[in-house]
Amino acid sequence: MLERGAVDVFWAGTNTQREARFIPVRIPLFFGLLGYRVSIIHQENLQKFDTLKQHPEQLKQLVACQGEHWPDSDILTANDYKVMRVSRFELMFTMLANQRCDYFPRAIFEGYGELEIAKKTYPNLIMYDQVILHYQFPIYYFVNQKRPDLAARLEYGLQQAIKEGALLSLMQHHEMTKSLFPLSQWNNKSYIELKNKDLPKETPVNDVSLWINLHDIGSEKN
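This is the structure we're talking about:
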């Protein structure tokens, strides 16, 4: 739809293919927190997951449910994790409840709300957030290749929102993300670092103003 001009802008996690097709606005929405992943699991598997604190490599023996065409599926597979690719989002909760897969990784600002809804149908599902997967996976605005003017305006607006603190304030008060704060609550978690081999080389990974790093709770964004 974006290529046809039916819409002016969309947002998505980036990869080299998307950045080749569209103009990316390289300001990570959610300050890069899309790449921090908690896991929805079956309650009977809680003890199994608790062993990951001492033996994180054991997660590679378990099977993750992920979207069939999600970049996350490719990232996990490239890091030697087992992935069951699923065509429909709702089906992943069914498969978890029936223990056809072991965990469903979701961004830390997505999973809790999704689980609250899913538990009405699948009360045996719980959140496991003591061990968190992390990979660099920014979500950007993308625009048509013919609209560099729109990309420039979006980038300027987002840069101003960051500079003035408006974007962070929005996250601190928005229903979807406010539970992430204060960031100190993530201090005692364990993190498993994964590589994103499809992260474009132009990604502004060294601009600390654009990212929240949960490994560093001394961040001024705390």
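Position one of the sequence shown corresponds to residue 2 (my numbering), numbered consecutively onward.
The C-beta atom is built at its ideal place from N, Cα and C for all residues, glycine as well.
Asked: Buried or exposed: where does Y157 fall if 16 or more other Cβ atoms within 10 Å of its Cβ makes it buried?; Found: exposed
Asked: Should H56 go down as buried or exposed, given a rule of 16 or more other Cβ atoms within 10 Å for buried?; Found: exposed
Asked: Roughly how many angstroms lie between the CA atoms of I140 and L211, to the nearest whole one?; Found: 12 Å
Asked: Just verifying my parser: in three-state terms, what is the DSSP assignment at V209?; Found: helix
Asked: Could you say if the region 106-119 and the region 36-47 meet the contact criterion of at least three C-beta pairs nearer than 8 Å?; Found: yes
Asked: Tell me where the beta strand (DSSP E) around H56 begins and ends.; Found: Here H56 belongs to no beta strand (DSSP E), and DSSP marks it neither H nor E.
Asked: Take K83 and list the residues in its own chain whose beta-carbon comes closer than 6 Å to its own, dropping the five residues that flank it on each side.; Found: V64
Asked: So, helix, strand or coil for Q146, using DSSP?; Found: coil
Asked: Is it right to say L47 is buried, meaning 16 or more other beta carbons lie within 10 angstroms of its own, or is it exposed?; Found: exposed
Asked: Enumerate in chain order the residues of its own chain whose CB-to-CB distance from T17 is below 7 Å, with the five nearest sequence positions on each side excluded.; Found: D199 and P201
Asked: I need the straight-line Cα distance from G146 to F23, nearest angstrom please.; Found: One point to set straight first is that residue 146 is Gln, not Gly, in the sequence displayed. If I take the Cα positions, the gap works out to 5 Å.
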